[in-house]
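Novice: First residue of the sequence shown? That's 166 in the working numbering, and the numbers climb one at a time after it. My questions will all concern the structure given below.
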Amino acid sequence: MFSWLTERRRARLLQSPFPSSWRDVLHRNVSAYRRLDDDEQTRLRELVQVFIEEKRWEGCGGLVLTDEHRVTIAGAACLLLLGRGHDLMHDVESILVYPSTVILPPPAASTFDGRPRVVEEGVAALGVAHRRGPVVLAWDAVVHGARNAEDGRNVVIHEMAHKIDFLDGDADGTPPLEGRGARQQWAAVCSEAFFAVQRGELPLLRDYAGTNEAEFFAVASEVFFEQPEQLARRAPALYGVLRDFYHLDLAARAAREP
166 MFSWLTERRR ARLLQSPFPS SWRDVLHRNV SAYRRLDDDE QTRLRELVQV FIEEKRWEGC
226 GGLVLTDEHR VTIAGAACLL LLGRGHDLMH DVESILVYPS TVILPPPAAS TFDGRPRVVE
286 EGVAALGVAH RRGPVVLAWD AVVHGARNAE DGRNVVIHEM AHKIDFLDGD ADGTPPLEGR
346 GARQQWAAVC SEAFFAVQRG ELPLLRDYAG TNEAEFFAVA SEVFFEQPEQ LARRAPALYG
406 VLRDFYHLDL AARAAREP
């Protein structure tokens, strides 16, 4: 019943036309949007409308939040949903946006507060994802990553990948997968690529991917969406498991383009 009501509410929301000013923001700030075909652009706009409506947004550190902030962040985040759907962002409830680099103070944790963190508190961060908590983003890093869709760096994709990783428990570099076979294949392929990064044999994924399994998945997701052709050439097995998970074959589509 809840699912039916959610879909009905979303359908009513999508009856409203996508604002032209929002479309301008996507063209200006989300360069990956310009690389999509007409059907994919339509799909992304629909995802953005729902994403903006369903998430809680807050400007922090003196930032006055505007539609440009929301549409830019939603446009980058919804790239991960193009082949899937909103359930993949179920753990994303609120998004806090700061003007620039965030210094995360150590919170006063209670004895029962065992929530895992992907980034240690007390350090400078461009973004952080908390399990069952907010996504924190630095706006200048968001714009820099979204406007350059070919450098393999996008803080929104990175942090949203962490939230996907949280869906089946701790951030362990393995998102929800269907079946034992898929999990075994994921473990075999990603383990090999992870150690290749640590040995310096897969430079397409920056060194940070070798920090731990969670960061590996987040960085690999950035590269999958921003440099799919290069990833398919240099690490075809890794590209394959990401393609199967996100239900998108971006490298094949790019190869068909003139």
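Cβ atoms here follow ideal geometry from the backbone N, Cα and C, with glycine treated the same way.
Report, in whole angstroms, the separation of the C-beta atoms of residue 225 and residue 190, which I expect to be a contact under 8 Å.
Specialist: In the sequence shown, the residue the question calls residue 225 occupies position 60. In the sequence shown, the residue the question calls residue 190 occupies position 25. Actually they do not touch by this definition, with Cβ atoms about 20 Å apart.
Novice: Going straight from the alpha carbon of residue 220 to that of residue 246, what length do you get?
Specialist: Here the question's residue 220 lines up with position 55 in the sequence shown. Here the question's residue 246 lines up with position 81 in the sequence shown. Going from the Cα of residue 220 to the Cα of residue 246 covers about 15 Å.
Novice: Taking contact to mean at least 3 C-beta pairs separated by less than 8 Å, is the stretch 238-245 in contact with the stretch 203-217?
Specialist: The stretch 238-245 and the stretch 203-217 touch, with no fewer than 3 CB-CB distances between them shorter than 8 Å.
Novice: Does the beta-carbon of residue 268 have 16 or more other beta-carbons within 10 angstroms, so that it is buried, or is it exposed?
Specialist: Sequence index remark: in the sequence shown, residue 268 carries index 103 (1-based). Answer is exposed; the Cβ neighbour count stays below 16.
Novice: With a threshold of 6 Å on Cβ separation, who are the neighbours of residue 305 within its own chain once the five nearest residues in sequence on each side are excluded?
Specialist: Sequence index remark: in the sequence shown, residue 305 carries index 140 (1-based). Answer for residue 305: 265, listed in chain order.
Novice: When we look at the beta-carbon of residue 340 and count the other beta-carbons within 10 Å, is it buried (16 or more) or exposed?
Specialist: The sequence position of residue 340 within the sequence shown is 175, counting from 1. Residue 340 should be labelled buried.
Novice: Taking its Cβ as the centre, do 16 or more other Cβ atoms sit within 10 Å of residue 250, making it buried, or is it exposed?
Specialist: Here residue 250 is taken as the residue at index 85 of the sequence shown, counted from 1. With fewer than 16 other Cβ atoms within 10 Å, it is exposed.
Novice: Start and end of the alpha helix (DSSP H) containing residue 403?
Specialist: Position 238 of the sequence shown holds residue 403. Run containing residue 403: 401-411, per the alpha helix (DSSP H) assignment.
Novice: Using the beta-carbon count (16 or more within 10 Å), is residue 343 buried or exposed?
Specialist: Here the question's residue 343 lines up with position 178 in the sequence shown. With fewer than 16 other Cβ atoms within 10 Å, it is exposed.
Novice: Please classify residue 275: does DSSP put it in a helix, a strand, or coil?
Specialist: Start at 1 with the first residue of the sequence shown, and residue 275 comes out as number 110. Note that residue 275 scores 47 on pLDDT, short of 50, meaning its location in the model is unreliable; the coordinates nonetheless yield the value given after this. In this structure, residue 275 counts as coil in the three-state DSSP scheme.
Novice: Roughly how many angstroms separate the alpha carbons of residue 332 and residue 256, rounded to a whole number?
Specialist: Position 167 of the sequence shown, counted from the first residue, corresponds to residue 332. Position 91 of the sequence shown, counted from the first residue, corresponds to residue 256. Cα-Cα distance, rounded: 7 Å.
Novice: Cα separation between residue 395 and residue 188?
Specialist: In the sequence shown, residue 395 corresponds to position 230, counting from 1. In the sequence shown, residue 188 corresponds to position 23, counting from 1. Looking at the two C-alpha atoms, the distance is approximately 29 Å.
Novice: My guess is that residue 404 and residue 382 are in contact by the Cβ rule of under 8 Å, so how many angstroms apart are they, rounded?
Specialist: Taking the first residue of the sequence shown as position 1, residue 404 is located at position 239. Taking the first residue of the sequence shown as position 1, residue 382 is located at position 217. Between residue 382 and residue 404 the Cβ distance is about 14 Å, and since that is not below 8 Å, they are no contact.
Novice: For residue 402, which residues of its own chain have a beta-carbon under 7 Å away from its beta-carbon, when the five flanking residues on both sides are left out?
Specialist: In the sequence shown, the residue the question calls residue 402 occupies position 237. Here the set comprises 354.
Novice: Secondary structure at residue 255, three-state DSSP: helix, strand or coil?
Specialist: Position 90 of the sequence shown, counted from the start, is the residue given in the question as residue 255. Coil at residue 255, not helix or strand.
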